[in-house]
Each structure stands twice: as structure tokens, then as C-alpha cells.
């Protein structure tokens, strides 16, 4: 008549896997991607990744441009996708000049003269790029996508100069990450602006690398949960499950014995007569045996439970029947 209990989390099969899953979520998951995609900067860098991926495909299929062949069709689709994504990103750039403009006074306060000149030159040329790019966007919005190509290339030349100044500034400050990133950006801008053309394959690869470098600071940090905390959470969950099983057991007992005229669970548990004068059932308190699964549970006090006899003295009038 005792209530069955579940095994503790430490003894339950698969508890180690559950604890490992609760300790630290995976970095490459949909939740992390959603956190990045909900920011304007994150969406811009994701679109940029596909933009330069399309340029890479263009470079790989440019030598197989036979009319009607599959590589030629892939090349055309990649070019169209690249142009469409480039126009979308041009819309995202509205407002990006404000942080650069507000950072110019701070750049003028740098004590080192060389760093101050490089920092100011980088920001001024970057501001010129944003202004020219906005003008190109207005031209394409007014006259169509075939307009504004020269304006776009002029703005990219300013962006290339800004990246060159950024490369020199990173080298001056001994920042290898900034030096590599700005060097790759200068290489990309020189090719796209027709100032110094190289290869779509190399520019596409450089664009993918810099896109990943720009996405990495936006990616949510890995949050690790200590193993002890995870195990305690599983133990608390197991205790709540035991309580649910106990309540369900009492309900089933009450439903099964209620129809036969036997005392209800409430009467047996609390010693209250259910119908007429009858002998009060006695309940004894037991502690789990040392070798039982409940006693083996770590970090938990011994489980004390009430064991009441199911039978008991018959009610008045029931013995003759």
C-alpha cells in the first residue's frame, strides 16, 4: 500500500546527458542566430555574407560562360543576387555616419600626432563615403538601378582610403585584428571601385572572411551553467515529479475504494471516520530503508512517509452483511 517513488536524478538513467544539456547551450543554434538577426547591424552583416558569397560564385563560373550552359545561368543568377543585396545594404547605411561624426572630436584629442592624423583621416574619408553613397542611393531611387554607378565607385574609392588609414592605424597600435580586417576591406574596395581590379574569387573570399569577423562581436556569448547547479535543478524537478505521482496515487485509491464502501483515503490518512462510528485507523511513520533508492539519493534528507492499513474495523451494520 506504500506509494511508489522514482529514482533520484543521480541514479536515473540518462541524468548525465540531461545535466550536460542544461550546462551550456550550443553557440551555433537558432536562438543565437535570432538574437543577431534582430539587430540592424546583424542583418546587414548577414546580407553582406551572402552578397560576397554571390561574388565568389561569379568568379568561379566566369570561365564557363558558354551560352545556354548551366554555369552561365548560375553566373547570371549570382550577379543579379549580388546587385540586389548591394542595393538593400545601401538602404541600411542611412544613419551610420552619425556615430562616425560624433567620434571625430574624440579622435582630435589623441595625444600621439601620428595616431591622431590617421584616426581623423580614417573618419573623414569614411564620412565622405557615406555621403557619396547616400547620393548614389537617391540617384538610383529617382532614375532607376542603371544610374549612379560612377557615384558608387567614387564613394568606394573613399572607402578604400579609409580602410588604408585604418590598416596603418591598426599597425601603429599593434592591433593585428584591426590591421587584417581593414587590409582586406581595402583590397575589396580597390577591386569593386575599379581602381585596382584583381579577382572576384579572391574578393569574394575576403568579403566572406570580413563578414564573419564583423558578425563575431554581435554573436551572443556562451553562458555556462555549473554542473552542480544543473544537478540541483534536475533534483528539484524530480522531487516535484514524486509529489505529482503521490497525488495521483491518492486520487486513484480514493476512486477505487470509494465505490465498495471502504473508508476513503482521507479517512485512512487522517484517522477520521468516514461513515458512522468505526475504529480509527492508525498511521505509522516510517523512514526509508538504508539500502532503498530513496536513501541513496545525494544531498537529500531521509524520506519520511505515512503508511496506513487499507482495512480496519468494519463499520457498524456491515459485519452481519
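Numbering (my numbering), first residue to last: 3 to 323.
Think of the CB as a built atom: it goes at the ideal place given N, C-alpha and C, for glycine as much as any other residue.
For residue i, the first and last residue of its enclosing alpha helix (DSSP H)
i           : result
residue 124 : 115-145
residue 223 : Counting along the chain, residue 223 falls outside any alpha helix (DSSP H), and DSSP gives it neither H nor E.
residue 178 : 178-194
residue 34  : 32-39
residue 43  : 42-63
residue 112 : Unbroken run through residue 112: none, as it is neither H nor E.
residue 374 : Because the chain is modelled from 3 through 323, residue 374 falls outside the range shown and cannot be assessed.
residue 82  : 72-94
residue 206 : 202-217
Beta carbon of residue i nearer than 8 Å to that of residue j
i           : j           : result
residue 57  : residue 206 : yes
residue 179 : residue 208 : no
residue 215 : residue 175 : no
residue 77  : residue 64  : yes
residue 34  : residue 219 : no
residue 200 : residue 61  : no
residue 157 : residue 194 : no
residue 210 : residue 54  : yes
residue 59  : residue 80  : yes
Contact set for residue i: own chain, Cβ-Cβ below 7 Å, skip 5 residues either direction
i           : result
residue 196 : 155
residue 141 : 149, 150, 153
residue 163 : 127
residue 98  : 132
residue 90  : 49
Chain-order list of residues whose beta-carbon lies under 6 Å from that of residue i (same chain, five-residue window excluded)
i           : result
residue 161 : 131, 191
residue 166 : 188
residue 66  : 73
Same chain, Cβ closer than 8 Å to residue i, neighbours up to 5 away in sequence not counted
i           : result
residue 217 : 38, 44, 47, 48, 51
residue 203 : 58, 61, 62
residue 105 : 125
(request) Kindly confirm or deny that the region 138-153 and the region 117-128 touch, where touching means at least three C-beta pairs closer than 8 Å. (result) no
(message) With three or more C-beta pairs closer than 8 Å as the rule, is the region 162-171 touching the region 111-123?
(response) yes
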